[in-house]
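Going down the list, the protein sequences come from chains A and B. If you're matching positions, the first sequence starts at 0 in numbering that gives the first Met the number 0 and goes up one per residue. If you're matching positions, the second sequence starts at 0 in numbering that gives the first Met the number 0 and goes up one per residue. No residue lacks a Cβ here, since even glycine has one placed at the ideal position from N, Cα and C. Remarks on the structure that follows.
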Amino acid sequence: MASPRARRLEEPVPDVEIGGMTRARRLRFRRVPDTDVTFEAEPEQVSDSHTERENLPDEAEPGVTYRDVEVRWRAGTRLVVDEGDPGEARKRR
Amino acid sequence: MAEREYRAYSAGKGGNQDPDVLLDVPVVKVDKIHLKVEELDARVALKAKVLDLVNLTVGVDAHLGKLEIDIEGVEAQALVKARLDHVVAIVDRVLTTIDRNPDLVKSLGRAVEDVGSGTQDALGQTGQALENLGEGASGAVSELGEGAGQAVGDVGQGAGQAVGGTVGELGQTAQGLVGGVAGAGVEGGAQGVGGQEAGPSGPKLARTAAKVVAKEIGSAATDEAKDLGAAATKKVMELGERRRQRRADKQHATEAAMRQAGELGVDLDEVEGTGAGGRITVGDVRAARRD
Numbered sequence: 000m001a002s003p004r005a006r007r008l009e010e011p012v013p014d015v016e017i018g019g020m021t022r023a024r025r026l027r028f029r030r031v032p033d034t035d036v037t038f039e040a041e042p043e044q045v046s047d048s049h050t051e052r053e054n055l056p057d058e059a060e061p062g063v064t065y066r067d068v069e070v071r072w073r074a075g076t077r078l079v080v081d082e083g084d085p086g087e088a089r090k091r092r
Numbered sequence: 000m001a002e003r004e005y006r007a008y009s010a011g012k013g014g015n016q017d018p019d020v021l022l023d024v025p026v027v028k029v030d031k032i033h034l035k036v037e038e039l040d041a042r043v044a045l046k047a048k049v050l051d052l053v054n055l056t057v058g059v060d061a062h063l064g065k066l067e068i069d070i071e072g073v074e075a076q077a078l079v080k081a082r083l084d085h086v087v088a089i090v091d092r093v094l095t096t097i098d099r100n101p102d103l104v105k106s107l108g109r110a111v112e113d114v115g116s117g118t119q120d121a122l123g124q125t126g127q128a129l130e131n132l133g134e135g136a137s138g139a140v141s142e143l144g145e146g147a148g149q150a151v152g153d154v155g156q157g158a159g160q161a162v163g164g165t166v167g168e169l170g171q172t173a174q175g176l177v178g179g180v181a182g183a184g185v186e187g188g189a190q191g192v193g194g195q196e197a198g199p200s201g202p203k204l205a206r207t208a209a210k211v212v213a214k215e216i217g218s219a220a221t222d223e224a225k226d227l228g229a230a231a232t233k234k235v236m237e238l239g240e241r242r243r244q245r246r247a248d249k250q251h252a253t254e255a256a257m258r259q260a261g262e263l264g265v266d267l268d269e270v271e272g273t274g275a276g277g278r279i280t281v282g283d284v285r286a287a288r289r290d
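Set out below in structure tokens:
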């Protein structure tokens with residue numbers, strides 16, 4: 000039997016969700032940032048972080064100009080308090 | 000609308016469910032921008048607490064390190080959502096469980112009850128002690144006379160203060176308990192708005208109400224104890240007076256003579272009265288002392 004953290008449930012509705020979207024005609028990094036997403040939950044959580052990119056590689060390079068870029072990102076998390084609680088545990092970056 | 004565009008790429012069915020809290024940063028359009036960021040942290044969290052039984056926290060932290068970027072033809076938007084239904088359902092389930100299993104919180108109630116019971120015992124014992132003092136120590140009281148009454152009055156006042164203090168502490172305990180419950184309940188709502196203090200009046204109101212209740216409890220107990228002290232004083236004074244009267248009748252001496260005999264250590268049984276009907280007078284006592 001899968002652990003609660005590994006369950007994938009039918010209706011994942013995050014309790015808390017944060018997201019953003021950026022489009023750019025031209026984009027050039029002078030310095031590529033470090034990014035980090037963490038989730039906090041008590042007693043337990045299922046969470047999901049998801050990124051969609053267009054015309055931008057997973058590892059962007061400084062000094063390179065990217066054109067017609069679009070990045071969508073969202074992260075959500077949901078409490079899990081018992082075996083019957085809905086949620087999902089997938090986590091993608 | 001930013002919300003509509005966000006929905007277009009929001010993953011999962013949950014993205015379409017209306018949130019209770021929505022922070023919508025609409026589309027920002029900039030022709031050209033050079034952006035330099037040292038550190039950027041975004042955090043949204045939802046917290047709920049029920050007594051010391053349940054503590055729920057759920058949140059997301061996003062961190063962006065040092066960034067320097069040139070962008071042209073930019074469109075950007077951001078959204079924060081919080082949905083309370085699930086957390087409310089969990090809290091509701093907890094409250095239902097407590098409702099069906101009151102033993103869970105009996106320990107909390109018992110602690111407060113013990114304090115109340117102790118206070119009641121203290122009151123009872125104070126009354127009993129004062130009563131014993133009045134009835135049992137008849138000789139001492141009669142010799143002390145009015146001074147004893149005053150002393151017991153002081154005891155009564157002391158008891159009043161002591162009991163008032165104890166119940167005041169009970170009030171403080173109750174205040175903490177009530178403040179804890181109410182504060183926790185509101186905390187979820189306040190923290191749910193991305194850490195903004197959305198409802199500071201809730202816990203403040205609860206604390207104020209608890210203070211008033213505690214003050215009234217303490218005040219009522221103090222008044223009750225004062226009444227008890229005053230009643231005890233009156234009772235002991237009456238008992239002392241009655242005792243003195245009985246002894247005066249028995250000794251066939253004036254009150255002043257009895258007082259003088261007590262002060263000089265003269266045994267009235269050895270004194271012969273020269274007053275009206277052979278009553279012992281102060282002069283008789285002094286004469287007996289000289290002899």
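Go through its chain and collect everything with a Cβ distance to residue i's Cβ below 8 Å, but skip five positions before and after it.
{"i": "Pro18 (chain B)", "result": "Lys80, Ala81 and Arg82"}
{"i": "Ala59 (chain A)", "result": "Phe28, Val31 and Tyr65"}
{"i": "Val332 (chain B)", "result": "Missing from the structure shown is residue 332 (chain B); chain B here goes from 0 to 290 and no further."}
{"i": "Pro101 (chain B)", "result": "none"}
{"i": "Glu38 (chain B)", "result": "His62, Leu63, Gly64 and Lys65"}
{"i": "Leu52 (chain B)", "result": "Val93, Ile97, Leu103 and Val104"}
Report the neighbours of residue i on chain B: residues whose CB is nearer than 7 Å to its CB, in chain order.
{"i": "Arg30 (chain A)", "result": "Lys65, Leu66 and Glu67"}
{"i": "Val80 (chain A)", "result": "Ile89"}
{"i": "Asp33 (chain A)", "result": "Gly64"}
{"i": "Arg24 (chain A)", "result": "Glu71 and Gly72"}
Leaving out five residues on either side along the sequence, give the residues of the same chain with a beta carbon under 6 Å from the beta carbon of residue i.
{"i": "Gly75 (chain A)", "result": "Pro13, Glu16 and Asp47"}
{"i": "Ala255 (chain B)", "result": "Val281"}
{"i": "Ala69 (chain A)", "result": "The amino acid at residue 69 (chain A) is misidentified as Ala; the sequence shows Glu. Cβ within range, chain order: Arg22 and Glu53."}
{"i": "Ala287 (chain B)", "result": "Val265 and Val270"}
{"i": "Arg99 (chain A)", "result": "This structure cannot speak to residue 99 (chain A), because chain A is shown only from 0 to 92."}
{"i": "Arg42 (chain B)", "result": "Asp60"}
{"i": "Leu66 (chain B)", "result": "Val36"}
{"i": "Val274 (chain B)", "result": "The residue asked about is misnamed: residue 274 (chain B) is Gly in this sequence, not Val. Within the same chain, Gly274 (chain B) has close Cβ partners Thr280."}
{"i": "Asp268 (chain B)", "result": "none"}
{"i": "Asp40 (chain B)", "result": "His62"}
{"i": "Arg77 (chain A)", "result": "Pro13, Asp14, Val45 and Gly86"}
Excluding the 5 residues preceding and the 5 following residue i in the sequence, name in chain order all residues of the same chain whose CB lies nearer than 7 Å to its CB.
{"i": "Arg25 (chain A)", "result": "Thr64 and Arg66"}
{"i": "Val284 (chain B)", "result": "Ala256, Gln259, Ala260, Leu263, Val265 and Val270"}
{"i": "Asn337 (chain B)", "result": "No answer is possible for residue 337 (chain B): the residues shown for chain B start at 0 and end at 290."}
{"i": "Gly58 (chain B)", "result": "Arg42, Val43, Ala44 and Leu45"}
{"i": "Thr56 (chain B)", "result": "Ala44 and Lys46"}
{"i": "Pro42 (chain A)", "result": "Val80"}
{"i": "Asp290 (chain B)", "result": "none"}
{"i": "Val86 (chain B)", "result": "Leu45, Ala47, Leu55 and Gly187"}
{"i": "Ala40 (chain A)", "result": "Thr76 and Leu78"}
Taking a contact to mean a Cβ-Cβ separation below 8 Å, would you say residue i touches residue j in this structure?
{"i": "Leu63 (chain B)", "j": "Thr34 (chain A)", "result": "yes"}
{"i": "Asp30 (chain B)", "j": "Glu74 (chain B)", "result": "no"}
{"i": "Val31 (chain A)", "j": "Pro61 (chain A)", "result": "yes"}
{"i": "Ala252 (chain B)", "j": "Gly272 (chain B)", "result": "yes"}
{"i": "Val45 (chain A)", "j": "Val80 (chain A)", "result": "no"}
{"i": "Phe28 (chain A)", "j": "Ile68 (chain B)", "result": "yes"}
Taking residue i as the query, report the chain A residues whose CB atoms sit under 7 Å from its CB, ordered along the chain.
{"i": "Thr95 (chain B)", "result": "Correct list: empty, because the minimum Cβ distance to chain A is about 13 Å."}
{"i": "Leu55 (chain B)", "result": "Glu41 and Leu78"}
Identify the contact partners of residue i in chain A, using a Cβ-Cβ distance below 9 Å as the criterion.
{"i": "Val86 (chain B)", "result": "Asp14 and Leu78"}
{"i": "Glu37 (chain B)", "result": "Those within 9 Å of Glu37 (chain B) in chain A number zero; the least Cβ separation is about 10 Å."}
Who are the neighbours of residue i on chain B, taking C-beta pairs under 8 Å?
{"i": "Val36 (chain A)", "result": "Val59, Asp60, Ala61 and His62"}
{"i": "Gly62 (chain A)", "result": "In chain order: nothing, as chain B lies at least about 10 Å away."}
Name, please, each residue of chain B whose Cβ falls closer than 9 Å to the Cβ of residue i.
{"i": "Arg52 (chain A)", "result": "Ordered by position in chain B, no residue passes the 9 Å Cβ test against Arg52 (chain A), which lies about 11 Å from the chain."}
Touch test, the stretch 30–37 of chain B against the stretch 84–103 of chain B, Cβ-Cβ under 8 Å, three pairs minimum: no
Start-end ranges of the beta strand (DSSP E) lying completely within the stretch 33–85 of chain A, minimum 3 residues: 34–41, 44–53 and 64–78
Length-filtered (4 minimum) alpha helix (DSSP H) runs lying within the stretch 70–102 of chain B: 84–99
Length-filtered (3 minimum) beta strand (DSSP E) runs lying within the stretch 21–73 of chain B: 39–49 and 53–63
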